[in-house]
Amino acid sequence: MVITYVIKNSLYCNLTNHCTNRCDFCIRDHGTGIFATLKLEKEPTLAEILDEVLSQNLNKYKEIVFCGYGEPSCRLYDMLEVCKRIREVSDTPIRVNTNGHASMILGEDTAPAFKGLVDCVSISMNAADPDTYCKICHPKFGEDTYMGVMKFAREIVKYVPNVVMTVVEGTIPDADIERCRSIAEGLGATFRLREYI
-18 MVITYVIKNS LYCNLTNHCT NRCDFCIRDH GTGIFATLKL EKEPTLAEIL DEVLSQNLNK
42 YKEIVFCGYG EPSCRLYDML EVCKRIREVS DTPIRVNTNG HASMILGEDT APAFKGLVDC
102 VSISMNAADP DTYCKICHPK FGEDTYMGVM KFAREIVKYV PNVVMTVVEG TIPDADIERC
162 RSIAEGLGAT FRLREYI
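One point on numbering: in the working numbering, the residue at position 58 of the sequence shown is 39, and numbering is uninterrupted.
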């Protein structure tokens, strides 16, 4: 069971198989190499995750990233507990790659819970409007999801020093990419075009 894996001197933590999107370009359907092996045999317990993560020399990594087969905020409070334990033994920066659904999943404003634990949140924006988002991401929460992601971004910038909003290259027209850049910057985030894997 792959709970942690290493890419380019970053330690990645794979917490869950669950996700609230079914994106057309997701590694779940198109991943190769390490990405093809990330599906967990079972949901690891918090103890199993902590054992795996804390057994390593965390100081040797450039960053620790919560990103895997599923959406890490489906296990938000377990993830944040792991962050707390990491903070006790290491100053290595922590990044969370997310679809931005945390507050919709939990039914509460989750942004304040990230304060002091996470250095960077990377939100998969994926589109410049709700209709396109629904067409390519197929979100569990329906047509209101995109605005929920925007609301999460607007809140998380208050608590996390580095917030990035991303779009996967080749999945939307160039004009929409520039719209996404403008929206992200208007929310106080930076924008990044991600390579399609």
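Where is the CB? At the ideal position from N, CA and C, for every residue including glycine.
Asked: Over what stretch of residues does the alpha helix (DSSP H) that includes F133 continue unbroken?; Found: T126 to I137
Asked: Look up I153 in the DSSP assignment and say whether it is helix, strand or coil.; Found: coil
Asked: Quick one: Cα of E159 to Cα of A92, how far?; Found: 26 Å
Asked: Report the three-state DSSP secondary structure of E52 (helix, strand or coil).; Found: coil
Asked: Reducing DSSP to helix, strand and coil, say where M106 ends up.; Found: coil
Asked: Just to confirm, are V46 and R68 a CB contact at a threshold of 9 Å?; Found: no
Asked: Since C4 and I164 should fall inside the 8 Å C-beta cutoff, what is the C-beta to C-beta distance between them, to a whole number of angstroms?; Found: So it is not a contact: roughly 18 Å between Cβ atoms.
Asked: Can you check the region 29 to 84 for any alpha helix (DSSP H) of at least 4 residues that lies completely inside it and give the ranges in chain order?; Found: 57 to 70
Asked: Do E52 and I247 have their beta-carbon atoms positioned less than 9 Å apart in this structure?; Found: Nothing about residue 247 can be read from this structure; the chain reaches only from -18 to 178.
Asked: To which residues of the same chain is K96 closer than 8 Å at the C-beta, ignoring the five residues directly before and after it?; Found: Y140 and V141
Asked: Can you give the beta carbon distance from S(-9) to Y42, rounded, assuming they're within the 8 Å contact cut?; Found: 6 Å
Asked: Just to confirm the assignment, what range does the alpha helix (DSSP H) spanning Y140 have?; Found: Counting along the chain, Y140 falls outside any alpha helix (DSSP H), and DSSP gives it neither H nor E.
Asked: Rank G151, E166 and D112 by C-alpha distance to the C-alpha of V138 and give the top, closest one.; Found: E166
Asked: Looking only at its own chain, which residues have a Cβ that is under 6 Å from the Cβ of C0, when we skip the five neighbours before and after it?; Found: G51 and E52
Asked: From which residue to which residue does the beta strand (DSSP E) around T171 run?; Found: T171 to R175
Asked: Helix, strand or coil: which one does DSSP assign to G12?; Found: Confidence is the limiting factor: at G12 the pLDDT is only 48, short of 50, which leaves the residue's position unreliable and the question unanswerable from this model.
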